[in-house]
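Taking it in order: structure first as structure tokens, then the write-up.
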Amino acid sequence: MYASYCCGISSFPCSLFETLQHLGGQCSAFYPDKNIYGVPGFSDTKASDFIDLLKKQTFSLEYIPDIINKKITNIEQDTEFFSLNNGEYMAKYIILATGIGDMIPNIPNDISGIDNDFVHFYCIRADLYKGKDIIIAGGGDSAVDFAICMKSIAKSVTIIHRKDELRCDSHKIGKLNDINVKLSHSILSIEKNHKIITDKGTFTADYIIFCYGFRAEPGAIAGLTKLGISFEDDLISVDIDTMQTGNKKIFAIGDAITYKNKKKNLVSCFFEADKAVRMIKLLELQ
Ligand SMILES: Cc1cc2nc3c(=O)[nH]c(=O)nc-3n(C[C@H](O)[C@H](O)[C@H](O)COP(=O)(O)OP(=O)(O)OC[C@H]3O[C@@H](n4cnc5c(N)ncnc54)[C@H](O)[C@@H]3O)c2cc1C
1 MYASYCCGIS
11 SFPCSLFETL
21 QHLGGQCSAF
31 YPDKNIYGVP
41 GFSDTKASDF
51 IDLLKKQTFS
61 LEYIPDIINK
71 KITNIEQDTE
81 FFSLNNGEYM
91 AKYIILATGI
101 GDMIPNIPND
111 ISGIDNDFVH
121 FYCIRADLYK
131 GKDIIIAGGG
141 DSAVDFAICM
151 KSIAKSVTII
161 HRKDELRCDS
171 HKIGKLNDIN
181 VKLSHSILSI
191 EKNHKIITDK
201 GTFTADYIIF
211 CYGFRAEPGA
221 IAGLTKLGIS
231 FEDDLISVDI
241 DTMQTGNKKI
251 FAIGDAITYK
261 NKKKNLVSCF
271 FEADKAVRMI
281 KLLELQ
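Following the working numbering, the numbering of the sequence shown begins with 1 at its first residue and continues without gaps.
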């Protein structure tokens with residue numbers, strides 16, 4: 001969305017393809033009720049409210065993107081233009097912002113009972129957890145963010161993490177009061193009667209939310225390698241100075257990409273979007 005806003009600023013007509021029926025990527029799909037962290041100027045804002053503001057901004061200019069609710073399945077080079085989805089659409093430049101692709105959560109396959117319906121893989125809806133005993137499995141930023149978000153809603157919140165320390169940004173540690181943190185605990189099984197069995201004891205929860213991250217599948221668009229795009233661990237390699245991929249007219253930004261010290265967060269996405277569109281502008285001026 002922000003890349004298409006940057007196109008609007010430069011008066012470039014642009015189409016925004018989105019597989020899902022709603023905009024906002026992971027913010028809308030995975031954590032609409034959670035506060036966003038690390039975005040300048042926003043200290044107490046829910047992801048869904050932030051996405052509403054981003055939409056408002058995107059549609060505020062004279063050049064607004066065409067929103068096309070379709071998945072891009074293949075890209076081919078056709079002289080000066082690219083052909084998308086077997087010629088259904090044409091584009092002079094492409095910015096890939098495919099994030100983690102089809103958004104498949106990492107599901108631990110060594111834990112039995114994972115298929116119980118009180119086991120979730122992201123925070124479905126905050127009101128579902130109101131007055132409930134919640135266990136959050138994981139120790140990274142998203143696990144800690146959900147725990148902080150949930151502590152004023154749920155009856156109790158417990159973080160269970162298999163390592164001996166949390167991996168979240170350090171300023172969040174001070175917000176963990178009223179949250180039970182169980183480190184060095186490995187979950188072994190989840191029983192139908194809501195018992196969570198670990199190697200150090202048994203816990204009870206109305207819901208357990210696994211925050212083990214998501215699998216990236218950016219390569220799901222056919223034809224990228226043929227166009228000169230290369231991957232590292234399934235992520236698109238880019239030139240950090242220009243956001244260009246191995247194909248000079250195809251750019252990539254956000255969680256779909258990798259470069260040295262890349263951080264998967266919103267601020268990086270905005271920086272990269274701005275950079276990609278500036279490079280397109282330079283190419284157009286040549
Ligand atoms: C639980 C959780 C909490 C987080 N909290 C924060 C936070 O507080 N602060 C922060 O800065 N970051 C946070 N992040 C990270 C942040 O959400 C991501 O860095 C950001 O959403 C990445 O944006 P993106 O546009 O690259 O990808 P995404 O948000 O993944 O969006 C990509 C979009 O592309 C669509 N798509 C994919 N493939 C295709 C295709 N072939 N055709 C059409 N559409 C396609 C997908 O449907 C998706 O909507 C969090 C992440 C998670 C999972």
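Think of the CB as a built atom: it goes at the ideal place given N, C-alpha and C, for glycine as much as any other residue.
Where DSSP assigns a beta bridge to residue i, which residues make up the other side?
i: Ile280; result: None; Ile280 has no bridge partner.
i: Ser142; result: Answer by DSSP bridge pairing: none, since Ser142 is not bridged.
i: Lys195; result: Thr204
i: Gln244; result: Asp239 and Phe251
i: His120; result: Ile209
i: Thr258; result: Ser237
i: Glu232; result: Leu235
i: Ser189; result: Ser112 and Ile197
i: Phe214; result: Pro105
i: Leu96; result: Ala252
i: Thr225; result: None; Thr225 has no bridge partner.
i: Lys182; result: Ile160
i: Asp133; result: Ser156
Using 8 angstroms for Cβ pairs, my map puts residue i next to residue j. What's the rounded Cβ distance?
i: Ala137; j: Phe210; result: 5 angstroms
i: Thr202; j: His185; result: Rounded, the Cβ-Cβ distance is 11 angstroms, inconsistent with contact.
i: Cys149; j: Lys34; result: 5 angstroms
i: Pro108; j: Ile114; result: 7 angstroms
i: Val238; j: Cys7; result: 18 angstroms between Cβ atoms; not a contact.
i: Phe121; j: Ile208; result: Their Cβ separation, rounded to whole angstroms, is 10 angstroms, which puts Phe121 and Ile208 out of contact at 8 angstroms.
i: Asn85; j: Asn69; result: That belief does not hold up - the Cβ atoms of Asn85 and Asn69 are roughly 13 angstroms apart, past 8 angstroms.
i: Ile190; j: Ala147; result: Incorrect: roughly 18 angstroms between the Cβ atoms, too far for contact.
i: Tyr129; j: Thr58; result: Actually they do not touch by this definition, with Cβ atoms about 31 angstroms apart.
i: Ile72; j: Phe30; result: Not really, about 21 angstroms apart at Cβ, beyond 8 angstroms.
Would residue i and residue j qualify as a contact pair, given that the criterion is a beta-carbon distance under 8 angstroms?
i: Ala252; j: Ile236; result: yes
i: Phe214; j: Pro105; result: yes
i: Leu227; j: Gly38; result: no
i: Tyr89; j: Ser15; result: yes
i: Ile94; j: Ile250; result: yes
i: Leu53; j: Tyr2; result: no
i: Met279; j: Thr245; result: no
i: Lys92; j: Glu80; result: yes
i: Leu183; j: Ile173; result: no
i: Asp133; j: Ser156; result: yes
i: Phe42; j: Ile51; result: no
i: Thr258; j: Asp274; result: no
i: His161; j: Gly139; result: yes
i: Leu181; j: Ile159; result: Just to set this straight, residue 181 is Val in the shown sequence, not Leu. A contact, by the Cβ cut-off of 8 angstroms.
i: Ser28; j: Ser48; result: yes
i: Lys192; j: Asn261; result: no
Mark residue i as exposed unless 16 or more other C-beta atoms lie within 10 angstroms of its C-beta, in which case mark it buried.
i: Lys195; result: exposed
i: Pro32; result: buried
i: Gly24; result: buried
i: Ser290; result: In the structure as shown, the chain starts at 1 and stops at 286, and residue 290 therefore has no counterpart that could be examined.
i: Pro13; result: exposed
i: Ile187; result: buried
i: Ala205; result: buried
i: Thr287; result: Limits of the chain in this structure are 1 at one end and 286 at the other, which puts residue 287 out of reach.
i: Asp78; result: exposed
i: Ile240; result: exposed
i: Asp44; result: exposed
i: Gly254; result: buried
i: Asp110; result: exposed
Would a check of beta-carbon distances place residue i closer than 8 angstroms to chain D?
i: Ile9; result: Looking for chain D here will not work: only one protein chain is present.
Does any heavy atom of ligand 2 sit closer than 7 angstroms to the C-beta of residue i?
i: Glu88; result: This structure lacks ligand 2; the ligands present are ligand 1.
Exercise for review: Output the residue ranges of the beta strand (DSSP E) runs that lie fully inside the segment 5-92 and measure 3 residues or longer, sorted by chain position.
Suggested key: You should have 15-17, 66-68, 75-78, 81-84 and 89-91.
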